[in-house]
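Residue numbers for the sequence shown follow the UniProt record's numbering, so the first one is 1 and each next one is one higher. Quick reminder that beta carbons are idealized off the backbone N, C-alpha and C, glycines included.
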Amino acid sequence: MIVCDEAHRTTGISQPGADDSAFVRVHDNNYLAAAKRLYMTATPRIYVEDSKNKAVKDGVTVYSMDDETIYGPEFHHLGFGQAVEMGHLADYKVLILAVDEESVATSFQDLIANDEELNLDDVARVVGCWNGLSKRGVNGERLSITDNSPMNRAVAFARNIKESKAIAEQFEKVGRELLVNSSEGASKLKLEAEHVDGTFNVLARSERLEWLQADAGADVCRILTNAKCLSEGVDVPSLDAVLFLNPRNSQVDVVQSVGRVMRKSATTNKEYGYIILPIAVPASQDPATALNDNKKYKVVWDVLQALRAHDDRFEAMINKIDLDKKTNKTIDVIGVGGDGPTDGGNGTENPGTEALFTMANASVWENAIFARMVKKVGDRRYWEDWAKDVKDIADRQVTRIKTILNGDDPRPAEEFAVFLDGLRGNLNDGITQDDAVDMLVQHLITKPVFDALFKDYDFTGHNPVSKVMDSMLSLLDAYNLDSETSNLEEFYRSVRVRAEGITSAAGKQKIITELYERFFKLAFPRVAESLGIVYTPMEVVDFILRAVNDALKEHFGVSITDEGVHVLDPFTGTGTFIVRLLQSGLIKPEDLLRKYTQELHANELLLMAYYIAAINIEATFHALQQDTANATGEDPAGVGYESFDGIVLTDTFQMTEDGDVLDTRVFTGNSDRVVEQNALDIRVIIGNPPYSVGQSSGNDNNANLKYPTLDESIRTTYDAESSAKLTTSLYDSYIRAIRWASNRVLSSPNGGVICFVSNGGYIDGNAADGLRKTLAKEFHDIYVYNLRGNQRTAGEQSRKEGGKIFDSGSRNTVAILLLIKRSGAVTESVLHYKDIGDYLDRKQKLDTVNHADLASLDWEIIAPNAEGDWINQRDPNYESYPPIAEKGNPKAVFAMQSGGLKTNRDAWVYSSSTTVLGSNIAKLAEEYNGELARTDGTIKTIAQLRASVTMDPTRINWDGNLEGRFLKRQKLEVKNGSIRHGQYRPFQVQNVYFERSLNNSIYRLREMFPKIDSENHGYYLVGPGNDKGFSVLATSRIPDLSFWGSGQGQYFARYSYTESTAGTLFDAPEQRDNITDWALTEYQQTYGDQVSKDDIFFYVYGLLHSPEYRERYAADLKKQLPRIPQVKGKDAFDAIVTAGRALSELHVGYEDLEPYPLVETVLPGAPDDPYERYLVVKMKYAGKAGSWDKSRIVYNKFIDIEGIPTEAQEYMLGSRSGVDWILERYQVKTDKASGIVNDPNYWSKEHEQPRYIIDLIGRVVALSLETNRIVASLPALDL
């Protein structure tokens, strides 16, 4: 047998043709023969997978200690924590000494000035070490009551031998100065230091170690400095501390060094070995900003990372800092600096040298360092990383269960059919077999997680849904499903570690938040996407609870705590609203049991969220009952477990549908709760409704459900009252929630209160005018707290909108809506409105909400107008002007208009390359036709189609039109003549496949561009309800629906075309004027007979560019298409016509403009080939985010562009400037779903213009400046 101690030394690599090191050759039986090898180390060295993979490619052998083919299986493991518990090692403490640079500079100015070898940083580190070695904490207190004597022996680790020698001298110099200048009663610890390194012979090294171990007296600390030679094989049990003065790149070196100080000593009986990390900090600077200096504080993160890698207790400790905001004092942050002046003996005041920060300042630095520690050392990707593994295992479990259900044994399928029927009865008929299998898998995988998080509560034994799930899965136990989840044992163990020691309710709440937000949405993405899961910030939850309680008092003379006031959260998520209500103090202690068991209710549709909510609510109530027992002198351990019977696994919208049939066989306990809740007089409804607005792609197979009764209620109220033509958004989940809650409260003769935080699109949305009108008819008081945050805007407006309340969860406006219905009819409704304000970031908004209540906010009382506008009320004169176009109205300027091209598969039917586009279309058609042939007419319904054909977005991009075509068994035929030029975005032309079979909707564009050679031009403007500021741009190409980046728009063409009446095969379509005869008559009557339809066309374009017109009618332009007033006077009319004509010619012909003379700097090494030289990947402005220099563009790695005038950036198109659009669109982009690459360089090549993109920048700059000049020349708007 060969025993290899310090076995981490035997790791490494073996390169072909090179001699192996002696350490690596230990593994070779030909070199060192043995029957067995035993490898031992305190610090296993393991190579990451990337290194191993690279080594395989390079033909290199890697010796890594996790390779069982070399090292064999792990025979025995003894962790740091276990060794400490067994008494083999002393535990360690980490002291981070944050030394104020300014105090040190003042106190040691003479020493620093007179000693060329000393600098401020050196002195600060020694001062920190001295305080640490003295065991002095904040305000001079000892770090430990039982271990409070100063340290006598320490080893210091420096970067190299030279620094080690210098540090030894610095310890003695600075130490002497500290003793001379220390105040009365301060530590008198004397520092003695020696250096040792690997060049010393054995005798010299032994002498230094003996010197270190010798007793030098109680007030003397000896420090032996070194670079690396004392990290292994040195046994000094009486060692008190190790000092790390520089970053350490090797975790093994750090842990080996820490091992020196954890040795038990029979002579000193030490309680701890100390790890001292001195850092110099600018105490007057903001700590969070100062800690951004990664290099300066790297030593701290290096050491802590190493400890985390080798101490199995460390993760739980970091979690405690993160979640409970406190530590177990394994890590101390101690501020060292000036504590105020001391009398130097001559009547002058000098800063003290040993004293500490003032307590408040030290606390700020301590909190900042701990917060940064969580980021730097904690496992920030913990849930995300595990979610990926869980998703894979969940997919395998789904396959296993489906195989069992389709197997020869009929019993599982029969039982499952009953189970599925029960689910449908409890939730809705839209639950499929796949959904039911998913739920079983979720239960199977996550149950151990809940057991780990809440080990003190027997949740499974009490919850009716969990018991049914367990019952169904027990039937499948015979098929060994646990074999798949055995791979997650490490995950379950780590969850237990993560939850260990987290005692505060807030800490547990944060774990639950993480589990829901960062784990569930990744592990089970389809379910999360279909419902739009967003976690509600606690500040918002608390405000809603306060507001509801205040509303109850003011309008009903009761409060939440009163008997009979039933509270329902119909979309409970993780149960946060009910939990915070229990914790809020709004419920009196004597009412708590009654409220919890009888008057609090919650619904949840997602199984996992339902489990979390139930456990969370039950655990919170249990903790409150224990607190009460403790306060009254009773034994908290005697408090019994009380399940929360108010929670229901249900689809809230479905549970009140007419004719809904409940399950009476499987989930009977849950069904009973549905019946009981429906019979209650609910007085308060609170929550955060799901925000989902439907699936983003037909490939998602994830469409939202239909609710006939609820949707009919919307149709007869919100929809019927709306003047909008497109009202599909009124059936979004959050609007449905408002309608459902309204119906629930309105059904009670006593009335009630509703308070939701949700998407705030209803405040000013076009389609929501009917909702706004209806709310005023149904409720006595309406409170709207607009939290803003609409990040679908851009530029200055986006900055005004401020931070997103839901962070990354939603980019929409967020608002709190409070509705009050008293008993009796609503004869008058009062609208209370509050805008949180401009330019507030997320934290500022949450702070504002946290300190607000219903009474303290200065509500604006708004009188809605006849159109149902709440804010941005439209100009009453606007309606008197003729519309730019209106179906069925002959008194309009244009006879017709069209939406832009809506493809629903842009990546497939748009491309910079005709070759690539043709290939993409051919591939899609081949895959589609192949599926059509394979299914051979067996598919009759959409559900069958989605279950049977490929939904792989890299093969076919499905939408409703293509599904309908498939059901009709219509093949796809590729039509080569259908490739046209489309104006995809401002100044970006694309090849587009313009064909109904693969375009979702072409609206009336065929009438404007019937043939490939049909000439036309027009202007595309931002459509009503768009988040973008009003804009318009002329183009002679087919515009895309989302021309402005998102939302929709309308195209007003100069001409339309109709089929030739001659009827011959080769006749061209007939061109018709799109300006109406009515408009021509009106304008000729006003301005004279010489006015032409061209003049009117250009007049409208010029008018739509008028800044005065846009500002005056901004609210109207948000809500409807432009109306076109006539200006007073022929001169003003002519001026606008001239400007409109010039603008149109400029914008349509932008590719022919002379580029603005920008400065191009070509760096050395640029390719000679012009296509290579001017190739773009992704251009960007110079500078960095937040401070971009928009006068300069980094074009590619060879070329920089300078000299863009500031004025060019003032020409805005939607949310971006013209130049912004070039940088946004002309980059190589890969579509995430299909993997299709769109490379703008292909356009340059196919059109043989290598400088196309770089010249386009100059052309758009020139266009922007000229547009600004023309717009500035427009006359004042005198109507």
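**Request:** Would you tell me roughly how many angstroms separate the C-alpha atoms of residue 1271 and residue 952, rounded to the nearest one?
**Result:** Residue numbering aside, residue 1271 sits at position 1271 when the sequence shown is read from its first letter. Residue numbering aside, residue 952 sits at position 952 when the sequence shown is read from its first letter. One C-alpha to the other measures close to 49 Å.
**Request:** Report buried or exposed for residue 1031, applying the criterion of at least 16 other Cβ atoms within 10 angstroms of its Cβ.
**Result:** Numbered from 1 along the sequence shown, position 1031 holds the residue referred to as residue 1031. Counting Cβ neighbours within 10 Å, residue 1031 comes out buried, since at least 16 surround it.
**Asked** Would a C-beta distance cut-off of 8 Å place residue 246 and residue 159 closer than the cut-off?
**Response** For this step, residue 246 is matched to residue 246 along the sequence shown. For this step, residue 159 is matched to residue 159 along the sequence shown. Yes, these two residues count as a Cβ contact at 8 Å.
**Request:** Take the Cβ of residue 1213 as the centre, count every other Cβ of all protein chains shown within 10 Å, and call the residue buried at 16 or more, exposed below.
**Result:** Against the sequence shown, residue 1213 aligns to sequence position 1213. So residue 1213 ends up on the buried side.
**Prompt:** When DSSP labels each residue in this structure, what does residue 1004 get in the three-state scheme?
**Reply:** As a first step, residue 1004 is located in the sequence shown; it is residue number 1004 there, counting from the start. Three-state DSSP puts residue 1004 in coil, outside helix and strand.
**Asked** Are residue 66 and residue 40 closer than 8 Å when you measure CB to CB?
**Response** The residue you call residue 66 lines up with position 66 of the sequence shown. The residue you call residue 40 lines up with position 40 of the sequence shown. It is not a contact, given that the beta carbons lie outside the stated cut-off.
**Request:** Below 8 Å CB to CB, which residues in the same chain sit around residue 150 once its five sequence neighbours on both sides are set aside?
**Result:** On the sequence shown, position 150 is the one that residue 150 refers to. 133, 134, 135, 187, 189, 218, 219, 221, listed in sequence order.
**Request:** Within the region 401-448, note down every full alpha helix (DSSP H) run reaching 4 residues or more, in order along the chain.
**Result:** Segments of the alpha helix (DSSP H) lying fully in the region 401-448: 410-426.
**Item:** Touching by the beta-carbon criterion (3+ pairs, under 8 Å), the region 1261-1279 and the region 1090-1108
**Value:** Contact check between the region 1261-1279 and the region 1090-1108: three or more CB pairs, one atom from each, fall below 8 Å, which counts as touching.
**Prompt:** Expressed to the nearest angstrom, what Euclidean distance is found between the alpha-carbon atoms of residue 1015 and residue 525?
**Reply:** Position 1015 of the sequence shown, counting from 1, holds the residue named residue 1015. Position 525 of the sequence shown, counting from 1, holds the residue named residue 525. Just so you know, the alpha carbons of residue 1015 and residue 525 end up roughly 47 Å apart.
**Asked** What is the C-beta distance between residue 254 and residue 302, in whole angstroms, given that I count them as a contact (C-beta under 8 Å)?
**Response** To locate residue 254, count along the sequence shown from 1; it is residue 254. To locate residue 302, count along the sequence shown from 1; it is residue 302. Indeed they touch by this definition, with Cβ atoms about 7 Å apart.
**Asked** Which one of 828, 15, 1020 has the shortest CA to CA distance from residue 1049?
**Response** Working through the sequence shown from its first residue, we reach residue 1049 at position 1049. The residue with the shortest Cα to Cα distance from residue 1049 is 1020.
**Request:** Tell me whether residue 349 sits in a helix, a strand or coil according to DSSP, three-state version.
**Result:** The sequence position of residue 349 within the sequence shown is 349, counting from 1. A caution first: residue 349 carries a pLDDT of 37, below 50, which makes its placement in the model unreliable, though a value can still be read off. Three-state DSSP puts residue 349 in a strand.
**residue 1262: first and last residue of the uninterrupted alpha helix (DSSP H) it sits in** = Indexing the sequence shown from 1 puts residue 1262 at position 1262. Here the alpha helix (DSSP H) through residue 1262 covers 1252-1272.
**Message:** Here's the rule: buried if 16 or more other CB atoms are within 10 angstroms of the residue's CB, otherwise exposed. What is residue 1188?
**Reply:** Along the sequence shown, read from residue 1 onward, the residue named residue 1188 stands at position 1188. Result: exposed.
**Request:** Measure the alpha-carbon distance for residue 960 versus residue 922 and round it to whole angstroms.
**Result:** To locate residue 960, count along the sequence shown from 1; it is residue 960. To locate residue 922, count along the sequence shown from 1; it is residue 922. In this structure, the CA atom of residue 960 is about 20 Å from the CA atom of residue 922.
**Request:** Find out if the Cβ-Cβ distance for the pair residue 1024, residue 1118 is shorter than 8 Å.
**Result:** Residue numbering aside, residue 1024 sits at position 1024 when the sequence shown is read from its first letter. Residue numbering aside, residue 1118 sits at position 1118 when the sequence shown is read from its first letter. Taking 8 Å as the Cβ cut-off, residue 1024 and residue 1118 qualify as a contacting pair.
**Prompt:** So is residue 994 buried or exposed if we call it buried at 16+ other beta carbons inside 10 Å?
**Reply:** As a first step, residue 994 is located in the sequence shown; it is residue number 994 there, counting from the start. With 16 or more Cβ atoms within 10 Å of its Cβ, residue 994 is classed as buried.
**Asked** What number of angstroms, rounded off, separates the C-alpha of residue 16 from the C-alpha of residue 2?
**Response** Taking the first residue of the sequence shown as position 1, residue 16 is located at position 16. Taking the first residue of the sequence shown as position 1, residue 2 is located at position 2. For the pair residue 16 and residue 2, the Cα-to-Cα distance works out to about 26 Å.
**Request:** Round the Cβ separation of residue 992 and residue 1038 to the nearest angstrom and send it over; I've been treating them as touching at under 8 Å.
**Result:** Your numbering for residue 992 matches position 992 in the sequence shown. Your numbering for residue 1038 matches position 1038 in the sequence shown. That pair is a contact at about 6 Å.
**Request:** State buried or exposed for residue 604, treating a residue as buried only when at least 16 other CB atoms are found within 10 Å of its CB.
**Result:** The residue given as residue 604 occupies position 604 in the sequence shown. Under this definition residue 604 is a buried residue.
**Request:** May I ask you to report which of helix, strand or coil DSSP gives residue 206?
**Result:** Residue numbering aside, residue 206 sits at position 206 when the sequence shown is read from its first letter. Helix, per DSSP.
**Prompt:** Roughly how many angstroms lie between the CA atoms of residue 1253 and residue 982, to the nearest whole one?
**Reply:** What you label residue 1253 is simply residue 1253 of the sequence shown in a count that begins at 1. What you label residue 982 is simply residue 982 of the sequence shown in a count that begins at 1. Each residue's Cα considered, the two are about 17 Å apart.
**Other residues of its chain near residue 797: CB distance less than 7 Å, five sequence neighbours each side excluded** = If you number the sequence shown from 1, residue 797 lands on position 797. Cβ neighbours of residue 797 beyond the five flanking positions: 1029.
**Request:** Apply the 10 Å Cβ neighbour rule to residue 402 and answer buried if 16 or more other Cβ atoms are within range, or exposed otherwise.
**Result:** Here the question's residue 402 lines up with position 402 in the sequence shown. By the neighbour-count rule (16 or more Cβ atoms within 10 Å), residue 402 is not buried but exposed.
**Request:** Please go through the same chain and pick out, in chain order, the residues whose beta-carbon is closer than 6 Å to the beta-carbon of residue 52, but skip the five residues on each side of it.
**Result:** Within the sequence shown, residue 52 is the residue found at index 52, counting from 1. Closer than 6 Å at Cβ, skipping near neighbours: 62.
**Message:** To the nearest angstrom, how far is the alpha carbon of residue 1219 from that of residue 1033?
**Reply:** As a first step, residue 1219 is located in the sequence shown; it is residue number 1219 there, counting from the start. As a first step, residue 1033 is located in the sequence shown; it is residue number 1033 there, counting from the start. Going from the Cα of residue 1219 to the Cα of residue 1033 covers about 14 Å.
**Asked** Helix, strand or coil for residue 566 per DSSP?
**Response** For the purposes of this step, residue 566 is identified with residue 566 of the sequence shown, where counting begins at 1. Annotated three-state conformation of residue 566 is strand, per DSSP.
**Asked** Per the contact definition of three or more C-beta pairs closer than 8 Å, is the region 857-874 in contact with the region 827-840?
**Response** Segment contact: the region 827-840 against the region 857-874, three or more CB-CB distances shorter than 8 Å; contact assigned.
**Message:** Tell me which residue opens and which closes the alpha helix (DSSP H) that residue 963 is part of.
**Reply:** By 1-based counting over the sequence shown, the position of residue 963 is 963. 960-967 is the extent of the alpha helix (DSSP H) around residue 963.
**Request:** Determine the DSSP secondary structure at residue 689, reduced to helix, strand or coil.
**Result:** The residue you call residue 689 lines up with position 689 of the sequence shown. Correct three-state label for residue 689: coil.
**Message:** Less than 8 Å between the C-beta atoms of residue 495 and residue 449, yes or no?
**Reply:** Locating residue 495 in the sequence shown gives position 495, where the first residue counts as 1. Locating residue 449 in the sequence shown gives position 449, where the first residue counts as 1. In contact: residue 495 and residue 449 (Cβ atoms closer than 8 Å).
**Item:** Span separating the alpha-carbon of residue 731 from that of residue 767
**Value:** Residue numbering aside, residue 731 sits at position 731 when the sequence shown is read from its first letter. Residue numbering aside, residue 767 sits at position 767 when the sequence shown is read from its first letter. When rounded, the separation of the alpha-carbon atoms in residue 731 and residue 767 is 11 Å.
**Message:** On the DSSP bridge list, what partners appear for residue 1212?
**Reply:** Counting from 1 along the sequence shown, the entry for residue 1212 is found at position 1212. 1217, per the DSSP bridge assignment.
**Request:** Since I believe residue 786 is in contact with residue 836 (beta carbons under 8 Å), could you give me their beta-carbon distance rounded to a whole number of angstroms?
**Result:** Stepping through the sequence shown from its first residue, residue 836 is reached at position 836. Stepping through the sequence shown from its first residue, residue 786 is reached at position 786. Separation of the CB atoms of residue 836 and residue 786 is rounded to 6 Å, and the pair is thereby assigned contact status at 8 Å.
**Message:** Buried or exposed, going by whether 16 or more other CB atoms sit within 10 Å of the CB of residue 19?
**Reply:** The sequence position of residue 19 within the sequence shown is 19, counting from 1. That one is exposed.
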